[in-house]
Structures are given as C-alpha cells and as structure tokens.
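Here is the structure we will look at, set down as structure tokens.
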Amino acid sequence: MLVRTLRCGQRTLDISRPVVMGVVNVTPDSFSDGGIYYRQNQLSIDAVLRQAEAMVISGAGVLDVGGESTRPGALTVSVAEELDRVLPVIEQLKQQFDVVISLDSSQPQVIEAASKLGIGLINDVRSLTLPGALEVAAKAGIPVCLMHMQGEGPATMQLKPEYGNVIEDVMEFLQQQVARCQAVGIAADQILLDPGFGFGKSLGHNLTLLNRLDQIVALGYPVLSGTSRKTMVGQVTGKDVSQRLGGSLATAILAAQKGAALIRVHDVAETVDALNMLEAVCQEGWEIKFDT
0 MLVRTLRCGQ
10 RTLDISRPVV
20 MGVVNVTPDS
30 FSDGGIYYRQ
40 NQLSIDAVLR
50 QAEAMVISGA
60 GVLDVGGEST
70 RPGALTVSVA
80 EELDRVLPVI
90 EQLKQQFDVV
100 ISLDSSQPQV
110 IEAASKLGIG
120 LINDVRSLTL
130 PGALEVAAKA
140 GIPVCLMHMQ
150 GEGPATMQLK
160 PEYGNVIEDV
170 MEFLQQQVAR
180 CQAVGIAADQ
190 ILLDPGFGFG
200 KSLGHNLTLL
210 NRLDQIVALG
220 YPVLSGTSRK
230 TMVGQVTGKD
240 VSQRLGGSLA
250 TAILAAQKGA
260 ALIRVHDVAE
270 TVDALNMLEA
280 VCQEGWEIKF
290 DT
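Residue 291, in numbering that gives the first Met the number 0, is where the sequence shown stops; the numbers in between run on with no holes.
So, in structure tokens, the structure goes:
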C-alpha cells in the first residue's frame with residue numbers, strides 16, 4: 000500500500016512529494032522554541048498567528064500545534080492546561096489559514112475537543128496508548144500518526160535507552176500499533192508512522208534509524224520524520240540548539256531521500272528551499288528519489 004494522498008477532514012493532503020510540517024509549540028518550556036509565543040507569561044495568540052502566517056507563506060502544508068513539551072525530562076501538564084493552550088490557537092488557525100492543522104497531543108480529552116474544531120491530523124508521541132485515546136481517535140475519523148517512544152514518557156525516556164536491534168524493534172512496535180488501530184476501525188490509509196527520533200534513543204540509535212528510514216517506509220505507510228534542531232544534530236555538529244539549522248537541513252534532505260512523506264521542522268522556509276532543490280536535481284535524472 001502506497002498512500003499518495005491523505006484525507007485530513009475537509010482537506011486532502013498531497014504527499015506525492017514531501018510535505019513540510021511547521022512546528023507550533025504553544026508551550027513555555029519546549030526544548031527549542033518554548034515560550035516564544037508568550038508575553039508577560041501569557042500566551043499571545045497574535046504572536047502565534049504571525050509565526051503561522053510566515054510558515055504558510057513559506058510553504059508549510061501542515062501546522063502542528065502542541066501544548067505539552069515532550070523534550071527529554073519534561074513533566075506532563077494537566078489536561079485543563081493543555082486545553083487552554085491549544086484550543087484557542089487551533090480555532091484561530093482554522094479560521095485564517097487554508098492548511099491542515101495537526102494536533103500534537105496524547106490526551107483523549109484534548110483529541111476529542113480539537114477534533115470538534117476541525118483538525119485534520121492527530122500526531123501522538125505516545126501512539127494512542129493512553130486510556131481512551133484510541134477510541135476517541137477512531138471516532139474522529141481523521142489520520143493518526145503513531146510514534147515510537149521507549150520508556151514511560153518524556154520524563155524517563157532518555158535515562159538509558161537500549162535495543163536488541165533498533166530498526167527491528169521500532170518496526171515491530173509500530174506494526175503492533177497499526178494492528179491496534181485497525182482493530183478499532185481506523186483504515187490503513189489513515190495511518191502514518193514516526194520512528195520517534197530522540198524519544199528514547201541514543202545518538203547511534205537515531206543515526207541508524209535515519210540511515211535505514213527507507214525500511215520503515217517500506218512497511219507501506221506514510222512516514223513522518225522529526226529531527227529539527229534535536230540533540231542528535233547537536234551531538235554531531237557540536238552546535239547549540241539555536242545554531243542547528245545546517246544539520247537539521249541535512250537530516251531533512253536525508254529523510255526525503257529515504258522516502259519520508261512529512262518533514263516536521265521549526266525552520267520552514269529553509270527546509271522548503273532545500274527540498275525544492277533536491278526535487279530539481281531529481282527531475283534532472285539523478286538517482287535520488289523521494290520514495291522507495
């Protein structure tokens with residue numbers, strides 16, 4: 000099964016070439032951009048909308064809204080706090096921009112409320128494993144992105160990640176989650192996979208997963224790759240989180256070459272340029288492909 004389009008609620012997303020997903024973290028403590036939308040400790044919707052507009056103008060096809068930091072060591076926030084952060088933002092983004100709005104959340108109450116506002120994608124780092132999340136996602140009738148994370152959550156995932164074979168273990172987990180989804184009626188063409196770069200992985204694990212991302216793509220589901228500004232980039236380049244653009248672009252290009260359908264990034268304009276350049280080279284007959 001090779002999915003070329005995704006039915007994201009009222010919109011259809013063309014994924015015949017990699018789609019750039021812009022990160023909209025409405026949190027005060029995310030690892031890279033936490034707090035950038037806050038003014039005097041209050042979330043500024045205007046600041047969010049300005050940044051979102053810049054992303055859309057630059058070529059983002061999806062805006063991924065998250066109200067809980069999932070950086071290593073991050074603690075969970077209350078459902079009420081997450082709702083207060085994401086729902087007003089989603090409502091405004093839906094009104095102002097003709098793109099798919101994705102919800103980055105694991106909480107069934109948040110998924111349900113956001114679905115009623117018309118989101119087009121559920122992006123869950125916990126792979127719909129919290130009680131009630133799977134059923135709520137099935138009822139929503141929109142695509143779900145299932146991510147692999149080792150450990151009980153962001154607070155503990157990086158303590159000591161270990162695998163027998165990281166690519167085989169991640170693929171097995173993802174296939175198990177696909178089976179869970181299909182068992183409750185989520186169609187195969189509404190499922191995406193994410194290997195979870197940085198979520199319970201060492202540098203070696205992350206590099207192996209990126210190098211062999213085509214094996215996950217070969218499972219037949221669209222794959223989301225999220226490496227933007229992450230620790231793995233800093234470990235290789237020696238750069239602080241604010242200086243990881245070059246390394247992040249390299250990982251985006253590599254993911255596209257391996258067949259990723261969605262590239263989740265903070266730096267939309269630069270990533271779009273890099274992918275456009277890759278596509279231009281590809282069209283000239285070079286043996287570089289967006290998919291396998």
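Glycine is no exception: its CB is placed at the ideal position from the N, C-alpha and C atoms.
As the structure is a computational prediction, the values presented were derived from the model and not from experiment.
Does the segment 233 to 246 touch the segment 214 to 224, meaning 3 or more C-beta pairs lie closer than 8 Å? no
For Asn40, which residues from the same chain have a beta carbon less than 8 Å from its beta carbon, with the 5 sequence-adjacent residues on both sides left out? To locate residue 40, count along the sequence shown from 1; it is residue 41. If we look at Asn40 and ignore the five residues flanking it on each side, its Cβ neighbours are Pro27.
Pair within 8 Å by beta-carbon distance, Ile110 and Ala137: Counted from its first residue, the sequence shown places residue 110 at position 111. Counted from its first residue, the sequence shown places residue 137 at position 138. For Ile110 and Ala137, no; Cβs fall outside 8 Å.
Assign Gly163 to buried or exposed, taking buried as 16 or more other Cβ atoms, counted over all protein chains shown, within 10 Å of its Cβ. Taking the first residue of the sequence shown as position 1, residue 163 is located at position 164. It counts as exposed.
According to DSSP, simplified to helix, strand and coil, what is Gly21? The count along the sequence shown starts at 1 and reaches residue 21 at position 22. DSSP places Gly21 in strand when its eight states are reduced to three.
Tell me Cys281's beta-bridge partners as DSSP assigns them. Indexing the sequence shown from 1 puts residue 281 at position 282. Paired residue(s): none; Cys281 is not in a bridge.
Residue ranges of each alpha helix (DSSP H) run of no fewer than 4 residues wholly in the segment 222 to 273, ordered along the chain? 230 to 236, 244 to 257
Is there a Cβ of chain D sitting closer than 8 Å to that of Glu90, yes or no? This model lacks chain D altogether; it includes just one protein chain.
CA nearest to the CA of Ser42, picked from Ala139, Asp97, Leu102, Glu80: Residue numbering aside, residue 42 sits at position 43 when the sequence shown is read from its first letter. The residue asked about is misnamed: residue 42 is Leu in this sequence, not Ser. Nearest C-alpha to Leu42: Glu80.
Are the segment 55 to 66 and the segment 95 to 104 touching, with three or more C-beta to C-beta distances below 8 Å? yes
Minimum C-alpha distance to Gly258 - residue among Asp272, Gln214, Ala53: Translated into the one-based positions of the sequence shown, residue 258 becomes position 259. Ranking the options by Cα distance to Gly258, first place goes to Gln214.
Cβ distance (whole Å) where Ala59 is taken to contact Val267 below 8 Å: Start at 1 with the first residue of the sequence shown, and residue 59 comes out as number 60. Start at 1 with the first residue of the sequence shown, and residue 267 comes out as number 268. At roughly 5 Å, the Cβ-Cβ gap stays under 8 Å, so Ala59 and Val267 are in contact.
Would the beta-carbon of Val47 fall within 8 Å of that of Tyr36? By 1-based counting over the sequence shown, the position of residue 47 is 48. By 1-based counting over the sequence shown, the position of residue 36 is 37. A contact, by the Cβ cut-off of 8 Å.
So what does Asp63 bridge to, in DSSP terms? As a first step, residue 63 must be located in the sequence shown, where it is residue number 64. Its beta-bridge partners are Val22, Ser101.
Which ranges would you report for the alpha helix (DSSP H) in the segment 153 to 183 if only whole runs of at least 4 residues count? 165 to 182
How long is the line joining the alpha carbons of Ile252 and Ala273, rounded to whole angstroms? As a working mapping, residue 252 is identified with position 253 in the sequence shown. As a working mapping, residue 273 is identified with position 274 in the sequence shown. Cα to Cα, Ile252 sits roughly 7 Å from Ala273.
Got a sec: does the ligand FMN put a non-hydrogen atom nearer than 7 Å to the Cβ of Gly66? With respect to the ligand FMN, the structure offers nothing, as it holds no ligand at all.
State the DSSP-derived secondary structure class of Met146, mapped to helix, strand or coil. For the purposes of this step, residue 146 is taken as the residue at position 147 of the sequence shown. Residue state, collapsed to three classes: strand.
Taking a contact to mean a Cβ-Cβ separation below 8 Å, would you say Ala249 touches Ser224 in this structure? Numbered from 1 along the sequence shown, position 250 holds the residue referred to as residue 249. Numbered from 1 along the sequence shown, position 225 holds the residue referred to as residue 224. No. Outside cutoff.
Where the beta strand (DSSP E) containing Ile121 begins and where it ends: Counted from its first residue, the sequence shown places residue 121 at position 122. 120 to 123 is the extent of the beta strand (DSSP E) around Ile121.
Which same chain residues end up closer than 7 Å to Ser77 when comparing Cβ atoms and leaving out the 5 residues on each side of it in sequence? Along the sequence shown, one-based indexing puts residue 77 at 78. Closer than 7 Å at Cβ, skipping near neighbours: no residue.
Quick one: grab the DSSP three-state call for Gln106. For the purposes of this step, residue 106 is taken as residue 107 along the sequence shown, with counting starting at 1. Here Gln106 sits in coil by DSSP.
Is the distance from the Cβ of Val124 to the Cβ of Met146 below 8 Å? Position 125 of the sequence shown holds residue 124. Position 147 of the sequence shown holds residue 146. Contact: yes.
Between Met148 and Gly195, is the Cβ-Cβ spacing less than 8 Å? In the sequence shown, residue 148 corresponds to position 149, counting from 1. In the sequence shown, residue 195 corresponds to position 196, counting from 1. Cβ atoms of Met148 and Gly195: closer than 8 Å.
So, under 8 Å CB-CB, Ile166 and Thr226 are touching, yes? Tell me the CB distance rounded to an integer number of Å. Here residue 166 corresponds to residue number 167 of the sequence shown, with the count starting at 1. Here residue 226 corresponds to residue number 227 of the sequence shown, with the count starting at 1. Not quite, the Cβ-Cβ distance comes to about 16 Å (not below 8 Å), so this is no contact.
What are the start and end residues of the beta strand (DSSP E) that includes Arg10? Within the sequence shown, residue 10 is the residue found at index 11, counting from 1. 10 to 13 is the span of the beta strand (DSSP E), which, as asked, contains Arg10.
Looking at C-alpha atoms only, which residue of Phe172, His204, Gly203, Arg228 is the closest neighbour of Leu192? In the sequence shown, the residue the question calls residue 192 occupies position 193. Considering only alpha carbons, the answer is Phe172.
Taking 7 Å as the limit between beta carbons, can you name the residues of its chain near Thr291, skipping five residues before and five after? Mapped onto the sequence shown, residue 291 falls at position 292. Residue confidence for Thr291 is low, a pLDDT of 37 falling below 50, so the modelled location carries little weight; the figure read from the coordinates is stated next. Only Asp213, Val216, Ala217, Gly258 meet the Cβ criterion.
Endpoints, the beta strand (DSSP E) within which Thr4 is located: By 1-based counting over the sequence shown, the position of residue 4 is 5. 4 to 7 is the extent of the beta strand (DSSP E) around Thr4.
Work out the CA separation of Ser247 and Glu269 for me, nearest whole Å. For the purposes of this step, residue 269 is identified with residue 270 of the sequence shown, where counting begins at 1. For the purposes of this step, residue 247 is identified with residue 248 of the sequence shown, where counting begins at 1. Straight-line Cα distance between these residues: approximately 10 Å.
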